[in-house]
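What the sequence shown shows, in numbering that gives the first Met the number 0, is residues 0 to 265, in sequence order.
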Amino acid sequence: MDSKDSKFRILMLHGFATSSSEFHAKSSRITKRITDLLTAEILHEFPDGIEFLYPDGPYIAEPPSGFGENDNTDDASSQADIPFRAWWHGLDTVNRYRGIEFSLSCMAKYIHGRPIHAIVGFSQGASLAGMVCSMLESKNNPDKIAAIRSQNLPVDDYLRLPGQESLRFLIGLGGYCGTLKYYGSLYRWPMQTPSCHTIAEFDAIVDHHLTLQYAHQFCSFELVHYYGYHYTPRDRASVESIARSIPSLETVEKYTAWPAQSIPTG
Numbered sequence: 000m001d002s003k004d005s006k007f008r009i010l011m012l013h014g015f016a017t018s019s020s021e022f023h024a025k026s027s028r029i030t031k032r033i034t035d036l037l038t039a040e041i042l043h044e045f046p047d048g049i050e051f052l053y054p055d056g057p058y059i060a061e062p063p064s065g066f067g068e069n070d071n072t073d074d075a076s077s078q079a080d081i082p083f084r085a086w087w088h089g090l091d092t093v094n095r096y097r098g099i100e101f102s103l104s105c106m107a108k109y110i111h112g113r114p115i116h117a118i119v120g121f122s123q124g125a126s127l128a129g130m131v132c133s134m135l136e137s138k139n140n141p142d143k144i145a146a147i148r149s150q151n152l153p154v155d156d157y158l159r160l161p162g163q164e165s166l167r168f169l170i171g172l173g174g175y176c177g178t179l180k181y182y183g184s185l186y187r188w189p190m191q192t193p194s195c196h197t198i199a200e201f202d203a204i205v206d207h208h209l210t211l212q213y214a215h216q217f218c219s220f221e222l223v224h225y226y227g228y229h230y231t232p233r234d235r236a237s238v239e240s241i242a243r244s245i246p247s248l249e250t251v252e253k254y255t256a257w258p259a260q261s262i263p264t265g
């Protein structure tokens with residue numbers, strides 16, 4: 000096995016108005032538990048173990064009041080010198096997202112030559128995770144490819160990734176679908192990647208129904224509810240539930256195209 004293909008890579012996508020370094024700190028309990036539970040299972044296929052990739056969004060963002068990760072428990076390090084980043088400009092599910100096409104192309108370039116096997120994303124990063132997941136699943140579905148192209152999304156960048164297959168799992172922390180009117184092609188075909196989605200009881204940023212809508216774009220999903228606000232959960236019970244939601248990788252089936260479904264855009 001080529002050394003570049005001997006790692007199980009998990010793409011870690013921060014939310015709007017945060018950064019890769021901040022998400023690295025906030026997600027450390029989740030990544031540690033995933034490593035503890037998954038390493039033994041994947042070593043025969045990926046002898047170099049697990050690698051977590053933390054890219055930064057291509058845009059600098061100014062966070063609105065109350066937006067971003069607001070749980071500062073056990074995180075004494077200052078982020079004052081780190082610019083806030085974003086994957087695109089736009090915080091709703093009504094309008095077009097300015098810069099999304101460039102961001103998706105940048106992500107394809109970032110993973111080119113080092114295939115990823117799973118994604119963990121927070122908020123806007125969780126939304127991006129679903130978009131990437133959907134385009135990776137489009138490979139054997141000409142109708143889906145045509146639909147995504149018609150919405151001017153760079154699906155061809157993902158079709159040309161060497162050695163890249165569909166994901167083994169996806170974890171969305173406070174995630175949501177992109178605006179269906181403009182990006183509905185990504186959700187018209189149910190995604191077969193096993194997924195887990197978290198819902199915070201007091202989330203005032205992403206409404207619960209948006210995360211539920213996002214979860215239902217996947218054929219297989221689990222929900223983890225936790226007592227808190229719009230931040231990456233770090234309490235022991237939530238971390239354990241998230242990590243244990245990952246299915247046995249030997250049981251994850253390869254992607255085959257499913258019939259399209261009707262997606263409301265209103």
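Think of the CB as a built atom: it goes at the ideal place given N, C-alpha and C, for glycine as much as any other residue. Fair warning: this is a prediction, and the values are worked out from it, not measured in the lab.
* Could you spell out the range, first to last residue, of the beta strand (DSSP E) harbouring G124? => First-last for G124: Q123 to L135, but that is the alpha helix (DSSP H), not the beta strand (DSSP E).
* Nearest to R159 by alpha carbon, out of H23, N139, G174 and A199? -> N139
* Asked: What's the C-alpha gap between A117 and S194?
  -> 10 Å
* Asked: For F217, which option in A236, Y228 and H196 has the closest C-alpha, if you only look at C-alpha atoms?
  -> H196
* 6 Å CB neighbourhood of Q123 in its chain, flanking five on each side removed -> G14, F15 and W86
* Asked: Could you give the distance in angstroms between the alpha-carbon of E221 and the alpha-carbon of S244?
  -> 7 Å
* **Three-state secondary structure assigned by DSSP to H23** => helix
* Asked: Buried or exposed: where does K143 fall if 16 or more other Cβ atoms within 10 Å of its Cβ makes it buried?
  -> buried
* Rounded C-beta distance between G56 and F121? I'm assuming under 8 Å. -> The Cβ separation is near 12 Å, so there is no contact.
* **Coil, strand or helix - P54 by DSSP** => coil
* Measuring alpha carbon to alpha carbon, tell me which of F201, S126, R28 and N94 ends up nearest Q212. => S126
* DSSP state of E221, grouped into three classes? -> strand
* Asked: Which class does R113 belong to by DSSP, given the choice of helix, strand or coil?
  -> coil
* Skipping 5 residues on each side, what residues in its chain have a beta carbon closer than 8 Å to that of R296? -> Limits of the chain in this structure are 0 at one end and 265 at the other, which puts residue 296 out of reach.
* Mind checking whether M11 and V131 have CB atoms under 8 Å apart? -> no
* Could you check where the beta strand (DSSP E) with R159 kicks off and where it finishes? -> Here R159 belongs to no beta strand (DSSP E), and DSSP marks it neither H nor E.
* To do: Ignoring anything shorter than 4 residues or poking outside the region 159 to 211, list the alpha helix (DSSP H) runs there in chain order.
  => 179 to 182
* **Y230 versus S27: straight-line alpha-carbon distance, rounded** => 13 Å
* Mind checking V154: buried by the 16 CB within 10 Å criterion, or exposed? -> buried
* Determine the direct distance from the alpha carbon of A145 to that of A79, and round the result to whole angstroms. => In this prediction, A79 scores a pLDDT of 48, lower than 50, which makes its location untrustworthy; the coordinate-derived value is nonetheless stated afterwards. In a straight line, the C-alpha of A79 is about 44 Å away from that of A145.
* Does the distance from the C-beta atom of V205 to that of Y175 stay below 8 Å? -> yes
* Asked: So is G177 buried or exposed if we call it buried at 16+ other beta carbons inside 10 Å?
  -> buried
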